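Chemist: I am attaching a structure below and will ask some questions about it afterwards.
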Amino acid sequence: MPITQTPSAARKPDADVLFVKAIQNEDGSWTFHVTVQHPDTGWEDYADGWDVVLPDGTVIKPNPDSPFTRLLVHPHVNEQPFTRSQSGIRIPEGVTQVTVRAHDLLDGFGGQEITLDLSIDATENYQIIRTSK
Numbered sequence: 399m400p401i402t403q404t405p406s407a408a409r410k411p412d413a414d415v416l417f418v419k420a421i422q423n424e425d426g427s428w429t430f431h432v433t434v435q436h437p438d439t440g441w442e443d444y445a446d447g448w449d450v451v452l453p454d455g456t457v458i459k460p461n462p463d464s465p466f467t468r469l470l471v472h473p474h475v476n477e478q479p480f481t482r483s484q485s486g487i488r489i490p491e492g493v494t495q496v497t498v499r500a501h502d503l504l505d506g507f508g509g510q511e512i513t514l515d516l517s518i519d520a521t522e523n524y525q526i527i528r529t530s531k
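In my numbering, each residue carries its 1-based index in the sequence shown increased by 398.
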């Protein structure tokens, strides 16, 4: 009997953002260090990216050709959870909140997201560091 995969629509998205450290650099840009957990099984199902999303739904991408704020190019089967960083993130002036979400190759978005209030330095889910000029 052939083995069939469960269709994506019937599965629960499970790429979860566990923690975010956001550092505002002297030039005003940000570096995000995002910790993601996903039950990667190999090349057929792994967390393949994460986004920083503005309240209006705009995804901030330092590289406009990338599908995500941070593209993840390989599975992390034996490294869970894992943290990956992205610099050069430009948050528009006046924006006080951003949401970080993770994506997995098979199920898309929909796991745990973290919303950062940029006026609060730390919560149990994130930390914000501002470098002084």
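Quick reminder that beta carbons are idealized off the backbone N, C-alpha and C, glycines included.
From a predicted model like this one, the values you see are computed outputs, not experimental measurements.
Can you tell me whether F507 is helix, strand or coil according to DSSP?
Modeler: F507: coil per DSSP, three-state reduction.
Chemist: How should I518 be labelled, buried or exposed, when 16 other C-beta atoms within 10 angstroms of its C-beta is the threshold for buried?
Modeler: By the neighbour-count rule (16 or more Cβ atoms within 10 Å), I518 is not buried but exposed.
Chemist: Spatial neighbours of P411 within its chain, please: CB distance less than 7 Å, with the 5 preceding and 5 following residues excluded, ordered by chain position.
Modeler: So the qualifying residues of the chain are D502, D505, G506, F507, G508 and G509.
Chemist: When you compare only the Cα positions, how much space is there between A520 and V457?
Modeler: Computed Cα separation, rounded: 23 Å.
Chemist: Pick out the complete beta strand (DSSP E) segments inside the stretch 411-490, 3 residues or longer, and give them in chain order.
Modeler: Counting only runs of 3 or more, we get 414-422, 428-435, 445-451 and 480-487.
Chemist: Tell me the residue span of the beta strand (DSSP E) that contains V576.
Modeler: Outside the shown range of the chain, which is 399 to 531, sits residue 576, and nothing can be said about it.
Chemist: Look up L514 in the DSSP assignment and give the residues it is bridged to.
Modeler: L514 is bridged to V496.
Chemist: Under the assumption that V451 contacts V432 (Cβ atoms under 8 Å), give the Cβ distance between them as a whole number of angstroms.
Modeler: Contact flag wrong, Cβ pair sits at about 12 Å.
Chemist: Based on Cα-Cα distance, which residue from E477, I526 and N461 lies nearest to V434?
Modeler: Residue E477 is the option with its Cα nearest to V434.
Chemist: Using alpha carbons as the reference points, say which of V418, H436, N423 and D463 lies closest to R488.
Modeler: Nearest of V418, H436, N423 and D463 to R488, Cα basis: N423.
Chemist: Roughly how many whole angstroms lie between the Cα atoms of T439 and D454?
Modeler: Those two C-alpha atoms are separated by around 33 Å.
Chemist: Pull up the distance between the alpha-carbon of F475 and that of L469, whole angstroms please.
Modeler: The amino acid occupying residue 475 in the given sequence is Val; Phe does not appear at that position. So the two alpha carbons sit approximately 17 Å from each other.
Chemist: Going by C-alpha to C-alpha distance, which of F466, D446 and G486 sits closest to P473?
Modeler: The option with the nearest alpha carbon to P473 is D446.
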